[in-house]
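First residue of the sequence shown: 1395, per my numbering; consecutive thereafter. I have placed the structure first, in the form of C-alpha cells, so that the comments after it can refer back to it.
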Amino acid sequence: MLELVYGGAASGKSEYAEARALKRGGELYYLATMQRGSGSGDERIERHVRRREGTAFITIERDRDIASVSEQIRGGTVLLECLTNLAANELFSGKEKCPAEDVCRRIMSGIDAIKESADALIIVSGNVTQDGVIYEEQTMEYIRLLAMLNRKTADRADAVYEVVCGCPKRLA
C-alpha cells in the first residue's frame, strides 16, 4: 500500500501523515530525509522529533540513497518525510551534476524498494510548483524534478491526499 500526502509549506501535511501511520499500528518507521547542519533546518528537525515523542516510531535518518533503507524494513508502515527534501539532497548534494531524470529514476527505485519491504509506505511531499515565478535554472530544475516525482508517486499510489490549512482531501 502506498499513499502520497501532498501540500504547501506548513499546511499540516506532516501531522496528517503521522496520524495516518499511527492509525495503522504495527511496526512504525519514520524515514527522515532532512539534512542536519543548518540552523533553521535543525530547529525544524527538533520540532518534528518532539512531536513524535512517546510514539512508537523507529526513526531512520537517511538524506540520500533511500533504497538502502529497505534492508532494515520487514513489514510495518514507513513514513517517508519528505520527498521535497530528498529531491533537493539528491539533486544538489552530489559531487557530479546529474540530470533531473536520472535523479528521479534513482529516487523512484528507492521508493519501489521500500514499498516492497514494507506493508505500507506513506510519503509526504510538497507543492512548490504553483507560485508562477520563474527562477534561475538550477531552481527550475529542482521544481521540475519534484513535479516528476510527485506525478510518478501519485501514479503508483493507492491514495493521494492534499492537505490545505490542516484540512486533508482525498484526490485519488
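Think of the CB as a built atom: it goes at the ideal place given N, C-alpha and C, for glycine as much as any other residue.
- At least 8 Å separates the beta-carbon of Lys1563 from that of Met1502.
- Between Glu1421 and Gly1488, the gap from beta carbon to beta carbon reaches 8 Å or more.
- Comparing C-alpha distances from Ile1460 to each of Asn1479, Ala1450, Phe1451 and Thr1449 shows the shortest one belongs to Asn1479.
- For Ala1494, the closest C-alpha among the options Glu1412, Glu1531, Leu1474 and Leu1515 is that of Glu1531.
- With respect to the 8 Å criterion, Asn1521 and Gly1401 are classified as neighbours on the basis of their beta carbons.
- Non-local C-beta neighbours of Ser1511 in its own chain, meaning closer than 7 Å and more than five positions away in sequence, comprise Ser1464, Ile1467 and Arg1468, ordered along the chain.
- Nearest to Thr1523 by C-alpha distance, out of Asp1513, Asp1506, Ile1508 and Met1542, is Met1542.
- Taking the C-beta atoms as reference points, Met1428 is found no nearer than 8 Å to Asp1552.
- Taking 8 Å as the cut-off, the beta carbon of Val1518 is found closer than this to the beta carbon of Leu1474.
- Buried is the label assigned to Gly1504, since at least 16 other Cβ atoms lie within 10 Å of its Cβ.
- With a beta-carbon spacing of about 5 Å, Ala1415 and Thr1471 fall inside the 8 Å limit used to define contacts.
- For Ala1404, no beta strand (DSSP E) run applies, since DSSP gives it neither H nor E.
- Separation of Thr1533 and Lys1417 (C-alpha to C-alpha, rounded to the nearest whole angstrom) is 36 Å.
- Within the model, the alpha-carbon separation for Glu1409 versus Leu1398 is close to 13 Å.
- One alpha carbon belongs to Gly1560, the other to Ala1404, and they sit about 9 Å apart.
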